[in-house]
Amino acid sequence: MFRNTARCLDALFVVAGGLLAYWMRFSTPIALSDTERLLIAFNCVLVLLLFPGFGVYETWRGKALAPVLARLAAAWLTVAATSLVLAFTLHRMDAVSRLWFGYSTLISGVLLIAARCVTHAVLRSLRRRGINARTVAIVGAPGFARTLLAHLEHAADAGFKPVCVFDTSVQGHDAYAAQYGAQYGAPYCAQLTRLPVLTDLKAFAAKVRNERVNEVWLALPLSEERTIYRFTRTFRDDFVNLRFIPDVRSLSLFNHTIVDVVGLPTLNLSATPFSPPQMWPKLMFDRLFAAFALLLLAPVFVVLALGIKLTSPGPVFFRQIRKGVDGRPFGIYKFRSMSVHQEAHGQVTQATRNDSRVTKLGKFMRRTSLDELPQFLNVLLGQMSVVGPRPHALEHDDLYKDQVYGYMHRYRIKPGITGWAQVNGYRGATTKVEKMEARVKFDLFYIHNWSFWFDMKIVFLTIFKGFVGRNAF
9 MFRNTARCLD ALFVVAGGLL AYWMRFSTPI ALSDTERLLI AFNCVLVLLL
59 FPGFGVYETW RGKALAPVLA RLAAAWLTVA ATSLVLAFTL HRMDAVSRLW
109 FGYSTLISGV LLIAARCVTH AVLRSLRRRG INARTVAIVG APGFARTLLA
159 HLEHAADAGF KPVCVFDTSV QGHDAYAAQY GAQYGAPYCA QLTRLPVLTD
209 LKAFAAKVRN ERVNEVWLAL PLSEERTIYR FTRTFRDDFV NLRFIPDVRS
259 LSLFNHTIVD VVGLPTLNLS ATPFSPPQMW PKLMFDRLFA AFALLLLAPV
309 FVVLALGIKL TSPGPVFFRQ IRKGVDGRPF GIYKFRSMSV HQEAHGQVTQ
359 ATRNDSRVTK LGKFMRRTSL DELPQFLNVL LGQMSVVGPR PHALEHDDLY
409 KDQVYGYMHR YRIKPGITGW AQVNGYRGAT TKVEKMEARV KFDLFYIHNW
459 SFWFDMKIVF LTIFKGFVGR NAF
């Protein structure tokens, strides 16, 4: 019913776009030519035929709005391009106002997208109130079931309502609540104890059937093939949606996405977490920000370069090989803050408080992070980002990669001049493994939760509190 209504409305928006475009173009009573009527009718037919192929009318439940709108925009541009080709093929383009055609395409596209935005907002509001919700029964061990329940609670506008849990670890309700209430606290315990926790498959199947539960989510490890088969066999004659949500938390630190590889559905376990289109805003910001910073800070560069040359012998810049995205090496630039010295092969001694190697000007630069400014050159060259995990010396990578779980996953994205760990106080030397573990935890949180606006927040925090720190020396 909803899809048929959506199809009719889309066709009406195409007609409305053509009429509004005529009124805007000519400012006269609407009197479309035969060719313009033909193009509008042709667009309506194409919308009805092509939009389903683009997945425009697929369910939105649990999906982000941006991909839905992108798919709709692509479908509408295909319709408009096909209509344009028809007009040229019939040699009737001379009878059509090009400005009218442009207005019509733009207005209809805006109407289609605006309607989706309004509908999406209304549905989210209704689903938050429990209207238009789909009931879900979760099958899995307590730990992963907890994760799913937390996701559903935070995404209430998706319209999925959990009704019960089947505990595959064969624990009763009391043991379940006692164990995980103590581990995760009262809020989780209260959330869980509101739901029936079943351990008998027949009772679970009866509940799903009697309450007409819409979906059963199998939140199980990949090794639980027999359990998956048991449930698919149990519900083989029922009209309930069975979804397999693999528990692969122990296999990867990144979000697990299904991608198409040579026509086969593939589950990413350890791969670059973001696609190139997702990173375009970050790439554009990096280059523009770096160019602006280098231009603005040019006088500071000159003053610091003169100061370094006048206060200690040696080069102005210090260049060291670090790992970049996917472990590709690059030379990172800094203003030299230490006197020239020779380290033993394969050894890097971190600066310590009152380190005799650090020059007087170097102490000031390190305290205020001015020694890091040349890294905007690395950003401009595409080797670094303004925001990202800080790259460490290769010797430190070799030391910590086996001691800190997930350490090398930091290099799945470009390293940055500043980062989430730095604005939270994790700067300077890491003399203990515990300090590095804490820093890596913040870096991985950043990767898991990255967005362009998260970057802007970190840049803002860096400006006000990230340059100076008591741990930088």
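Numbered according to the numbering used here, the sequence shown spans residues 9 to 481. For each residue, glycine too, the CB sits at the ideal point set by N, CA and C. Keep in mind it's a predicted model, so treat the numbers as computed, not measured.
- Scanning its chain for C-beta atoms nearer than 8 Å, with the 5 sequence neighbours on each side dropped, one finds no residue around K71.
- In the DSSP assignment, E223 falls within the beta strand (DSSP E) that extends over 223-227.
- Taking F62 as the centre and dropping the five residues before and after it, the same chain places the C-beta of R79, A82, A83 closer than 7 Å to its C-beta, in chain order.
- The DSSP-derived three-state label of D175 is strand.
- Contact between I329 and G339 holds: their C-beta atoms lie close to 6 Å from each other, under 8 Å.
- Counting along the chain, L80 sits inside the alpha helix (DSSP H) bounded by residues 73-97.
- DSSP, reduced to helix, strand and coil, places A145 within a strand of the structure shown.
- Counting along the chain, L250 sits inside the beta strand (DSSP E) bounded by residues 249-252.
- Close CB contacts of L206 within its chain, under the 8 Å cut and outside five residues either way in sequence, are with C172, V173, F174, D175, F212, K215 (chain order).
- By the Cβ-count criterion, A129 is exposed, with fewer than 16 other Cβ atoms from all chains shown falling within 10 Å of its own Cβ.
- Taking the C-beta atoms as reference points, V147 is found nearer than 8 Å to L228.
- In this structure, H456 is the residue among H456, A429, E403 with its C-alpha nearest to the C-alpha of F282.
- In terms of Cβ geometry, V224 and F247 do not form a close pair [threshold 8 Å].
- In this structure the segment 282-292 does not lie against the segment 313-322, because fewer than three pairs of beta carbons, one per stretch, are closer than 8 Å.
- Of the candidates S177, M32, P170, the residue whose Cα lies closest to the Cα of N222 is P170.
- Under the three-pair Cβ rule at 8 Å, the segment 420-427 counts as touching the segment 382-402.
- Using a 10 angstroms sphere on the CB of G25, the tally of other CB atoms reaches 16 or more, which defines it as buried.
- Collapsing the DSSP output to three states places A401 in a strand.
- Distances from the alpha-carbon of V441 to those of F462, L407, G370, T113 put L407 closest.
- The shortest CA-to-CA distance from R418 to any of A95, K331, R124 is the one to K331.
- Residue pairing of K342 in beta bridges, as defined by DSSP: F326.
- Under the DSSP definition of a beta bridge, V395 partners with T426.
- Residues of the same chain with their beta carbon placed closer than 6 Å to that of D245 are lacking, with the five preceding and five following residues left out of the count.
- P382 is positioned such that its CB atom lies closer than 8 Å to that of Y341.
- No residue range can be given for H417, since it is assigned to no alpha helix (DSSP H) and is classified by DSSP as neither H nor E.
- Pairing V387 with M292, the inter-Cα distance amounts to about 11 Å.
- For L312, the enclosing alpha helix (DSSP H) has its first and last residue at 306-319.
- When secondary structure is reduced to three states using DSSP, K409 falls in the coil class, being assigned neither helix nor strand.
- R365 has its alpha-carbon roughly 28 Å from the corresponding atom of Q391.
- The beta carbons of L54 and V87 sit closer together than 8 Å.
- Non-local beta-carbon contacts of C16 in its own chain, meaning distances under 8 Å to residues more than five positions away in sequence, are absent.
- The shortest C-alpha to C-alpha distance from T113 to any of T90, L131, R132 is the one to T90.
- In this structure, R135 sits near A166, with a CB-CB distance shorter than 8 Å.
- In terms of CA proximity to T43, T97 leads the group W68, A19, S35, T97.
- Judged by DSSP in its simplified three-state form, L40 adopts coil rather than helix or strand.
- E403 and M444 have their C-alpha atoms roughly 14 Å apart.
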